[in-house]
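Here's the structure, in structure tokens; my notes come after.
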Ligand code: SF4
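Residue numbers (this note's numbering), protein chains in the order written: chain A, 1 to 503; chain B, 1001 to 1175.
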């Protein structure tokens, strides 16, 4: 089996791309890579476009090698990866929507983010006028005796992001779910183009509200990789503290919310109180409840408040006191277990195929965690476990979160104990020539990838890939043969981002 | 579970005292609410939340309004599942072009009298997404807005203040 490095050596290596290699390859090497992905030898980390180029980020999980391969497509077309490897499908539809580059052989060429309402086609490529009017979206057909369709959204019943779900059901049982997203497409990658670092990191922090730390973290690290900046120690450690606080708050919120969707509101009430306590501690330590706009290229924009470590420690103590009772409650409530065990089962093979990140992957046997597999600082010197289960059901996704809450508590302890003194950042200077950088950061939901090219202190192109891209399609798969009423549970246990994937 | 329930009986409640409604918000509302409304609404408001393109940060803090600390239901503020049941639409996000029609339809599905509260910096004028090919701009570009609550995202206390101002206004105009 050839290694990822062999593939890179076949192409023309791009200088000034860090920390992993990028190579421009020809169509046959591109197809070869697609084949390796399809056979499960490598994992797809992302696929994105530029006006006349497509890029693909690949992980070789055995060696933890990461690389980007690029294919120039002067004819506005490239061989489809999605044709062989379905996880690329939506990404290729998007590349066409935004850049007008067609994936040849792609079985599904319906637009994805483009709802024909922007007034322009291919907004990031050669812009042309929009089609005169929106054609109705063709949902995939589902025919058979006694089948009926249920259309839900984009405005849902709860306080939740907008998207459309088309269920085909036979009685109570779901035979097919089809998602249609793109409702919250804000054109972030378009706004990034030409932006200075300050504005760009602000935008990155607003790709997905619950992952504002993860995105500003990944974006900043990509800039630093491009410029080969060394971030001072204190900032490195503070960043991890911010990331763990974000993870903790989100997991606590999710554990309660999943139970709430099983009509077990007591858990929700208690978990919401713990979540609120983390947000308040974050606010008093860093001045923002969601920790927004703190990580910036070069370091962090503000230090932890003098009382901060104490406040956070007190919050951790309280969670340690209260959380075990809640775990016990979750584990011992038969009515709750009845709803979560064996519901929405994700098969490990599918988690592997889609390179599903976060609790979705780790609840179905895929052990990837960017903090461990790619071991970036300071995680390379912290003690923590990466919990993995094989069941793949709602229950397993709850348990992974529970275990990760415990890990985050321990990580925060270690960070507070070892937080080094020193400056908070270095200056991210203006370098004239083009530099490219990439970063992968473990957000609470999974791995967030940012790839960018800088020139003269500005962003020439930036791509941000949410873990949800590879989780949404799996939600479609796991709901099959479950009853309609279990959809909220499955959905919440995945908790995919709409804004993160719509961008 | 019994242990937890029991403990909850004796523990001091988390709920905190309400903030006083803030003046700017009050005056912004002055023109908005009529006598008829008070008769129709009593002392409560039903709120339908609509994400019209948010990053989801605003939603997280709107969710927090329901936790035991803020507990908005004690003021008669209730989040409802359908615009048909709503007095107030709480709208977030720079309205995206892909959400514009859904927002308009939700507005038209809400019975009169109704108020629109735009939540967050994006909802005022598009915030940092202003200028994108994919967004319309602030909520007021699409439907009339009665109150804007600033912040990115506004914290729950600020939101509570704004909503209380709305309620108080409804009361004051009526009596
Ligand atoms: S105001 Fe801020 S938090 Fe709210 S949607 Fe806009 S970017 Fe997100």
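All residues carry an ideal CB built from backbone N, CA and C; glycine is no exception.
- Item | Neighbouring residues, chain B, relative to residue 276 of chain A (Cβ below 7 Å) | Within the first chain, residue 276 of chain A is the residue found at index 276, counting from 1. Correct list: 1064, 1067, 1069.
- Spatially closest choice to residue 1151 of chain B from A/289, A/400, A/334, by CA coordinates: Numbered from 1 along the second chain, position 151 holds the residue referred to as residue 1151 of chain B. Among A/289, A/400, A/334, the Cα nearest to that of residue 1151 of chain B belongs to A/289.
- Item | Cα-Cα separation between residue 249 of chain A and residue 469 of chain A, rounded to whole angstroms | The residue labelled residue 249 of chain A in the question sits at position 249 within the first chain. The residue labelled residue 469 of chain A in the question sits at position 469 within the first chain. Distance between the alpha carbons of residue 249 of chain A and residue 469 of chain A is about 22 Å.
- Item | Outcome for residue 25 of chain A when other beta-carbon atoms lying within 10 angstroms are tallied against a minimum of 16 | As a working mapping, residue 25 of chain A is identified with position 25 in the first chain. Burial call: buried.
- Message: Between residue 340 of chain A and chain B, is any beta-carbon pair separated by less than 8 Å?
- Response: Here residue 340 of chain A is taken as the residue at index 340 of the first chain, counted from 1. No, residue 340 of chain A does not count as interfacial toward chain B.
- Task: Go ahead and label residue 1187 of chain B buried or exposed: buried means 16 or more other beta carbons lie within 10 angstroms of its beta carbon, across all protein chains shown.
- Result: Outside the displayed range of chain B (1001 to 1175) lies residue 1187 of chain B, so it cannot be described from this structure.
- Item | Where residue 1152 of chain B sits in the DSSP three-state scheme | Position 152 of the second chain holds residue 1152 of chain B. DSSP places residue 1152 of chain B in coil when its eight states are reduced to three.
- What separation, rounded to the nearest whole angstrom, lies between the Cα atoms of residue 48 of chain A and residue 148 of chain A? If you number the first chain from 1, residue 48 of chain A lands on position 48. If you number the first chain from 1, residue 148 of chain A lands on position 148. Taking the straight line from one Cα to the other gives about 36 Å.
- Query: Cβ of residue 1031 of chain B less than 8 Å from any chain A Cβ?
  - Reply: Here residue 1031 of chain B refers to the residue found at position 31 of the second chain. Because residue 1031 of chain B carries a pLDDT of 41, less than 50, the predicted location of this residue cannot be relied on, and no value is offered for it.
- Message: Give the list of continuous beta strand (DSSP E) stretches no shorter than 3 residues that lie fully inside the region 1115 to 1161 of chain B.
- Response: 1115 to 1119, 1135 to 1137, 1147 to 1149
- Message: I'd like to confirm something about residue 210 of chain A: is its beta-carbon nearer than 7 Å to some heavy atom of the ligand SF4, or not?
- Response: Mapped onto the first chain, residue 210 of chain A falls at position 210. Every heavy atom of the ligand SF4 is 7 Å or more from the Cβ of residue 210 of chain A, so no.
- Task: Count the other CB atoms, across all protein chains shown, that sit within 10 Å of the CB of residue 56 of chain A; report buried if there are 16 or more and exposed otherwise.
- Result: As a first step, residue 56 of chain A is located in the first chain; it is residue number 56 there, counting from the start. Label assigned to residue 56 of chain A: buried.
- Buried or exposed: which applies to residue 230 of chain A, given that a residue is buried once 16 or more other Cβ atoms fall within 10 Å of its Cβ? By one-based count along the first chain, residue 230 of chain A stands at place 230. Exposed, since its Cβ has fewer than 16 Cβ neighbours within 10 Å.
- Item | Per-residue burial, residue 1033 of chain B [other beta carbons within 10 Å of its own, 16 or more giving buried] | Residue numbering aside, residue 1033 of chain B sits at position 33 when the second chain is read from its first letter. Confidence in residue 1033 of chain B is poor, its pLDDT being 44 and thus under 50, which makes the residue's placement unreliable; the coordinate value appears in the next sentence. Classification of residue 1033 of chain B: buried, given that the 10 Å Cβ count is 16 or more.
- Query: Any idea if residue 1030 of chain B is buried or exposed, counting beta-carbon neighbours within 10 angstroms, 16 or more meaning buried?
  - Reply: Reading the second chain from its first residue, position 30 is the one you call residue 1030 of chain B. Residue placement at residue 1030 of chain B is flagged as unreliable, the pLDDT there being 39, under the threshold of 50; a coordinate-derived value is accordingly withheld.
- Item | Residues bridged to residue 494 of chain A (per DSSP) | Position 494 of the first chain holds residue 494 of chain A. Bridge partners of residue 494 of chain A: none, in fact.
- Item | As assigned by DSSP and simplified to three states, the class of residue 1010 of chain B | Residue mapping note: residue 1010 of chain B aligns to position 10 of the second chain, counting from 1. In this structure, residue 1010 of chain B counts as helix in the three-state DSSP scheme.
- Simplified DSSP state of residue 462 of chain A, which is helix, strand or coil: What you label residue 462 of chain A is simply residue 462 of the first chain in a count that begins at 1. Here residue 462 of chain A sits in strand by DSSP.
- Run of the alpha helix (DSSP H) containing residue 1111 of chain B, from where it starts to where it stops: Numbered from 1 along the second chain, position 111 holds the residue referred to as residue 1111 of chain B. It is not in any alpha helix (DSSP H) - residue 1111 of chain B carries neither H nor E in the DSSP assignment.
- Quick one: is the Cβ of residue 73 of chain A within less than 7 Å of any heavy atom of the ligand SF4? Numbered from 1 along the first chain, position 73 holds the residue referred to as residue 73 of chain A. Not so, every heavy atom of the ligand SF4 lies at least 7 Å from the Cβ.
- Message: Give the residues whose C-beta lies closer than 6 Å to at least one heavy atom of the ligand SF4, in chain order.
- Response: A/206, A/209, B/1054, B/1055, B/1057, B/1058, B/1092, B/1093, B/1120, B/1121, B/1122, B/1127, B/1152, B/1153
- Item | Three or more C-beta pairs below 8 Å linking the region 349 to 369 of chain A and the region 323 to 341 of chain A | no
- Does the region 1081 to 1092 of chain B touch the region 1045 to 1053 of chain B, meaning 3 or more C-beta pairs lie closer than 8 Å? yes
- Runs of alpha helix (DSSP H) wholly within the region 294 to 367 of chain A (minimum 4 residues, chain order): 308 to 332, 334 to 340, 348 to 353, 358 to 362
- Distance between residue 52 of chain A and residue 72 of chain A (C-alpha atoms, nearest Å): Translated into positions along the first chain, residue 72 of chain A becomes position 72. Translated into positions along the first chain, residue 52 of chain A becomes position 52. One C-alpha to the other measures close to 6 Å.
- Distance between residue 379 of chain A and residue 372 of chain A (C-alpha atoms, nearest Å): Taking the first residue of the first chain as 1, we reach residue 372 of chain A at position 372. Taking the first residue of the first chain as 1, we reach residue 379 of chain A at position 379. Cα to Cα, the separation comes out at about 7 Å.
- Examine chain A for any beta-carbon lying closer than 8 Å to the beta-carbon of residue 1112 of chain B, and answer yes or no. Within the second chain, numbered from 1, the residue matching residue 1112 of chain B stands at position 112. It does not; no Cβ of chain A falls within 8 Å.
- Query: Using a C-beta to C-beta distance shorter than 8 Å, which residues of chain B count as neighbours of residue 161 of chain A?
  - Reply: Along the first chain, one-based indexing puts residue 161 of chain A at 161. Within 8 Å Cβ-Cβ: 1051, 1054, 1056, 1059.
- Query: Looking only at C-alpha atoms, which of A/54, A/84, A/22 sits nearest to residue 95 of chain A?
  - Reply: For this step, residue 95 of chain A is matched to residue 95 along the first chain. Checked all of A/54, A/84, A/22; the closest Cα to residue 95 of chain A is A/54.
- Task: Compare the C-alpha of residue 1222 of chain B against each of B/1153, B/1105, B/1112 and name the closest.
- Result: There is simply no residue 1222 of chain B to check, as chain B begins at 1001 and stops at 1175 in what is shown.
- Message: Going by beta-carbon coordinates alone, are residue 1004 of chain B and residue 261 of chain A separated by less than 8 Å?
- Response: Position 4 of the second chain, counted from the first residue, corresponds to residue 1004 of chain B. Position 261 of the first chain, counted from the first residue, corresponds to residue 261 of chain A. No, they are not a contact pair.
- Item | Proximal residues of chain C, C-beta to C-beta of residue 1134 of chain B below 8 Å | Of the protein chains in the structure, A and B, none is chain C.
- Item | Exposure label - residue 492 of chain A; buried when at least 16 CB within 10 Å | On the first chain, position 492 is the one that residue 492 of chain A refers to. With 16 or more Cβ atoms within 10 Å of its Cβ, residue 492 of chain A is classed as buried.
- Message: Assuming the contact rule is C-beta atoms closer than 8 Å, residue 1102 of chain B and residue 111 of chain A should be a hit. Round their C-beta distance to whole Å, please.
- Response: In the second chain, residue 1102 of chain B corresponds to position 102, counting from 1. In the first chain, residue 111 of chain A corresponds to position 111, counting from 1. Contact doesn't hold; Cβ gap of about 18 Å is too wide.
- Task: Give a yes or no on whether 8 Å exceeds the smallest Cβ distance from residue 155 of chain A to chain B.
- Result: The residue you call residue 155 of chain A lines up with position 155 of the first chain. Chain B, which has a Cβ nearer than 8 Å to the Cβ of residue 155 of chain A, makes this yes.
- Message: Judging by CA-CA distance, which residue of A/237, A/256, A/87, A/253 is the nearest neighbour of residue 416 of chain A?
- Response: On the first chain, residue 416 of chain A is found 416 positions in, with the first residue counted as 1. Residue 416 of chain A has its Cα closest to that of A/237, out of A/237, A/256, A/87, A/253.
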